[in-house]
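Peer 1: Residue numbers for the sequence shown follow UniProt numbering, so the first one is 1 and each next one is one higher. One structure follows; several queries about it will come next.
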Amino acid sequence: MKQFLYDFIWTLAIGLILYLGMQLQAQVAEKSQMTFTIFPLQAYIALFPVVIGLLIRTPKFMLQLRGKESWTYDWVKFVAIGVPALYIVLMTFLPFSPLGEGWLSIPNILLFGGTTVPTVAGLVFGYVVLACFKVVNLSNSKATY
1 MKQFLYDFIW TLAIGLILYL GMQLQAQVAE KSQMTFTIFP LQAYIALFPV
51 VIGLLIRTPK FMLQLRGKES WTYDWVKFVA IGVPALYIVL MTFLPFSPLG
101 EGWLSIPNIL LFGGTTVPTV AGLVFGYVVL ACFKVVNLSN SKATY
């Protein structure tokens, strides 16, 4: 019952953040239309799913933090999964920023995928950032998930 309440409260919290995030997205979209600047909207569309991905992994991460074990970071998983997802997230808004405007091309996958591709990539990246933290079991000297 305790685990159910813990999971249910996290679900409600994530749902509330999603609701508030969609309201904020509507405001950002309206302001972008009024000022003719697309960069804030593109940055929001790219970065909000990263926050949601972090929130999805946070309950498990907090449970792992309770232990007194040693920690390590799975760089192989981060490089294999996280870096490509980060590339897609960054390429969603960097071409519209003053940094990349004019010389940084948008990858074809983003041109044809709409907002689905950066949303999934953002969720994956946010989740993987926290999922790569591993507890090192000193008795077996193997990392546990």
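C-beta atoms are modelled at their ideal positions from N, C-alpha and C, and glycine is treated no differently.
In whole angstroms, what separates the C-alpha of Ile56 from that of Leu123?
Peer 2: Position 56 of the sequence shown holds residue 56. Position 123 of the sequence shown holds residue 123. Using only the alpha carbons, I get a separation of about 9 Å.
Peer 1: With a threshold of 16 other CB atoms inside 10 Å of the CB of Phe96, please say whether the residue is buried or exposed.
Peer 2: Residue 96 sits at position 96 when you count from the first residue of the sequence shown. Looking at its Cβ environment, which holds 16 or more other Cβ atoms inside 10 Å, Phe96 is buried.
Peer 1: One question on the structure: do Leu94 and Leu104 come within less than 8 Å of each other, judged by their Cβ atoms?
Peer 2: Along the sequence shown, read from residue 1 onward, the residue named residue 94 stands at position 94. Along the sequence shown, read from residue 1 onward, the residue named residue 104 stands at position 104. Cβ distance < 8 Å, so Leu94 and Leu104 count as in contact.
Peer 1: Where does Tyr127 land, buried or exposed, given buried means 16+ other C-beta within 10 angstroms?
Peer 2: As a position in the sequence shown, residue 127 is number 127, starting the count at 1. Tyr127 is buried by the Cβ-count criterion.
Peer 1: Can you tell me whether Gly114 is buried or exposed? The criterion is at least 16 other CB atoms within 10 Å of its CB, across all chains shown.
Peer 2: Against the sequence shown, residue 114 aligns to sequence position 114. Exposed is the call here.
Peer 1: Going by C-alpha distance, which of Trp71, Gly21, Ala26 and Val28 is nearest Val50?
Peer 2: Counting from one through the sequence shown, the residue named residue 50 turns up at place 50. Ranking the options by Cα distance to Val50, first place goes to Gly21.
Peer 1: With Met91 as the anchor, note down where its alpha helix (DSSP H) starts and where it stops.
Peer 2: In the sequence shown, residue 91 corresponds to position 91, counting from 1. Unbroken alpha helix (DSSP H) run through Met91: Val83 to Phe93.
Peer 1: Put Ile17 into one of helix, strand or coil per three-state DSSP.
Peer 2: What you label residue 17 is simply residue 17 of the sequence shown in a count that begins at 1. Shown here, Ile17 sits in a helix according to DSSP, grouped into three states.
Peer 1: At what residues does the alpha helix (DSSP H) containing Pro49 begin and finish?
Peer 2: Working through the sequence shown from its first residue, we reach residue 49 at position 49. Start and end: Phe39 to Leu65.
Peer 1: So, helix, strand or coil for Thr116, using DSSP?
Peer 2: For the purposes of this step, residue 116 is taken as residue 116 along the sequence shown, with counting starting at 1. Residue state, collapsed to three classes: helix.
Peer 1: Taking Thr92 and Ile45 to be in contact with their CB atoms under 8 Å, please state how far apart those CB atoms are, rounded to whole angstroms.
Peer 2: Along the sequence shown, read from residue 1 onward, the residue named residue 92 stands at position 92. Along the sequence shown, read from residue 1 onward, the residue named residue 45 stands at position 45. The pair is a contact, with the Cβ atoms about 6 Å apart (cut-off 8 Å).
Peer 1: So what's Phe36 in DSSP terms, helix, strand or just coil?
Peer 2: Within the sequence shown, numbered from 1, the residue matching residue 36 stands at position 36. Coil, per DSSP.
Peer 1: For a test of the three-state rule: what should DSSP assign to Gly126, helix, strand or coil?
Peer 2: If you number the sequence shown from 1, residue 126 lands on position 126. Collapsing the DSSP output to three states places Gly126 in a helix.
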